[in-house]
Amino acid sequence: MNRLAAVFHRVRDRGQAALVPFLTAGDPDLALSRELVRAAVDAGADILELGVPFSDPMADGPVLQRAATRALAAGTTVPRVLELVAELRREVAVPIVLFGYFNPFFRYGVEALARDGAQAGVDGILCVDLPHEEAAELRGAVRRQGLDLIALLAPTTPLDRARRIAAAASGFLYFVSVLGVTGGRSALPAELPRRVAAVRTVTDLPIGVGFGVQQPEQAAWVAGFADAVIVGSAIAARLEGLPPAARPAECRRFLASLRDAMRSARRSGV
Numbered sequence: 017m018n019r020l021a022a023v024f025h026r027v028r029d030r031g032q033a034a035l036v037p038f039l040t041a042g043d044p045d046l047a048l049s050r051e052l053v054r055a056a057v058d059a060g061a062d063i064l065e066l067g068v069p070f071s072d073p074m075a076d077g078p079v080l081q082r083a084a085t086r087a088l089a090a091g092t093t094v095p096r097v098l099e100l101v102a103e104l105r106r107e108v109a110v111p112i113v114l115f116g117y118f119n120p121f122f123r124y125g126v127e128a129l130a131r132d133g134a135q136a137g138v139d140g141i142l143c144v145d146l147p148h149e150e151a152a153e154l155r156g157a158v159r160r161q162g163l164d165l166i167a168l169l170a171p172t173t174p175l176d177r178a179r180r181i182a183a184a185a186s187g188f189l190y191f192v193s194v195l196g197v198t199g200g201r202s203a204l205p206a207e208l209p210r211r212v213a214a215v216r217t218v219t220d221l222p223i224g225v226g227f228g229v230q231q232p233e234q235a236a237w238v239a240g241f242a243d244a245v246i247v248g249s250a251i252a253a254r255l256e257g258l259p260p261a262a263r264p265a266e267c268r269r270f271l272a273s274l275r276d277a278m279r280s281a282r283r284s285g286v
């Protein structure tokens, strides 16, 4: 059982959902990224998503676009993100998923990315802009290294297509809660539990929900029907206006508030 599978097995045994924070690697620099990861783990993060910055992050809203711009300005590249993962592996046991766009992965080389990612301690890769029909090369490279390729599902994905995507995915499925780009929402769609339940009829993979979660109450609600709650923009929005030295403590405080709320969630339909 790999690290991702072990996490979902553990949280399900507890009747809970996994907390999955997203942090843009290198924002504002790699040294602070290490501190933020440590803070997230201290706060109860079960899985970490590390964003590989890209100059045209079309799935991201303004908050994460700014984070990517700062990371690129600091010189963050795919090799440096992998170095960060290798450093984190000396002290962090939680699964790490690289979240990125295909352009940087393609330029690095998909075989090299999978090989070097596995050596560094990466557990999975999520390529946000690579359609299922065009992912065979990356999927094969990832599988040969024993890594998971996490797939995205949109609210508009037909169930037959969701079945095909899920059959080729591993680790977990990332269900996008709302149409549009990343960013906090004052309210999440009321039909979200029904949509997640429909996906469960075509796969046994765990389902994580992301895009839009920004408050503990929302995290608790999503934890009631999903296997993981994924939070990114809400973290970045709270941190970007703070002095760097104050950011790890705020990251820890905010994620702990989400974790506490999620522990009280009443599970249904899982």
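For any residue, its number in the numbering used here is found by taking its place in the sequence shown, counting from 1, and adding 16. Glycine residues also receive a C-beta, built at the ideal position from the N, C-alpha and C atoms. In this text, all values refer to a predicted model and were calculated from it rather than measured experimentally.
Would you tell me roughly how many angstroms separate the C-alpha atoms of Ala34 and Arg26, rounded to the nearest one?
Each residue's alpha carbon lies about 9 angstroms from the other.
In three-state terms, what does DSSP make of Tyr190?
Three-state result, Tyr190: strand.
Inside the segment 148 to 193 only - alpha helix (DSSP H) runs reaching at least 4 residues:
The alpha helix (DSSP H) runs of length 4 or more contained entirely in the segment 148 to 193 are, from start to end of the chain, 152 to 160, 175 to 184.
Under a three-way DSSP split, which group does Ala134 fall into?
Correct three-state label for Ala134: helix.
Could you tell me which uninterrupted beta strand (DSSP E) segments, each at least 3 residues in length, are contained entirely in the segment 60 to 103, listed from first to last along the chain?
Counting only runs of 3 or more, we get 64 to 67.
If you compare alpha carbons, which of Val192, Asp58, Leu80 is closest to Arg268?
Arg268 has its Cα closest to that of Asp58, out of Val192, Asp58, Leu80.
Among the candidates Ala239, Ser193, Ala262, whose CA atom is the shortest distance from the CA of Met278?
Residue Ala239 is the option with its Cα nearest to Met278.
Quick check for students: name the residue ranges of the beta strand (DSSP E) that lie wholly in the segment 237 to 266, counting only runs of 3 or more.
For the segment 237 to 266, whole beta strand (DSSP E) runs of length 3 or above, ordered along the chain, are 244 to 247.
Is there contact between the segment 161 to 176 and the segment 39 to 51, where contact requires at least three CB pairs shorter than 8 angstroms?
In short, these stretches do not touch, since the Cβ pair count stays below three.
For Leu35, name the three-state secondary structure that DSSP assigns.
Of the three classes helix, strand and coil, the one that applies to Leu35 here is strand, per DSSP.
What residues match up with Val225 in a beta bridge as DSSP calls it?
According to DSSP, residue pairing for Val225 in a beta bridge involves Phe191, Val245.
Use the C-beta contact count for Asp243: other C-beta atoms within 10 angstroms, 16 or more gives buried, fewer gives exposed.
Label assigned to Asp243: buried.
Since I believe Pro111 is in contact with Val23 (beta carbons under 8 angstroms), could you give me their beta-carbon distance rounded to a whole number of angstroms?
The beta carbons of Val23 and Pro111 sit about 6 angstroms from each other, so the pair counts as a contact at 8 angstroms.
Opening and closing residue of the alpha helix (DSSP H) in which Leu52 lies:
Segment 46 to 58, the alpha helix (DSSP H) holding Leu52.
Where Ala183 and Leu168 are concerned, what is the direct C-alpha to C-alpha distance, given to the nearest angstrom?
Linking Ala183 to Leu168 through their CA atoms gives a straight-line distance of about 12 angstroms.
When the Cα atoms are used, what is the spatial distance from Ala213 to Trp237?
Going from the Cα of Ala213 to the Cα of Trp237 covers about 14 angstroms.
Span separating the alpha-carbon of Val79 from that of Glu256
One alpha carbon belongs to Val79, the other to Glu256, and they sit about 9 angstroms apart.
Report back the beta-carbon spacing between Leu129 and Phe118 to the nearest angstrom; my notes put them in contact at under 8 angstroms.
Their Cβ separation, rounded to whole angstroms, is 10 angstroms, which puts Leu129 and Phe118 out of contact at 8 angstroms.
Note down, in chain order, each residue of its chain lying with its Cβ closer than 6 angstroms to the Cβ of Glu99, except the 5 sequence neighbours on either side.
Cβ-Cβ distances below 6 angstroms link Glu99 to nothing in the same chain once the five nearest sequence neighbours on each side are left out.
Along the alpha helix (DSSP H) that carries Leu208, what are the first and last residues, could you check?
Bounds of the alpha helix (DSSP H) holding Leu208 are 208 to 216.
Taking the alpha helix (DSSP H) that Val23 belongs to, which residues open and close that run?
Looking at the DSSP string, the run of the alpha helix (DSSP H) that includes Val23 is 19 to 29.
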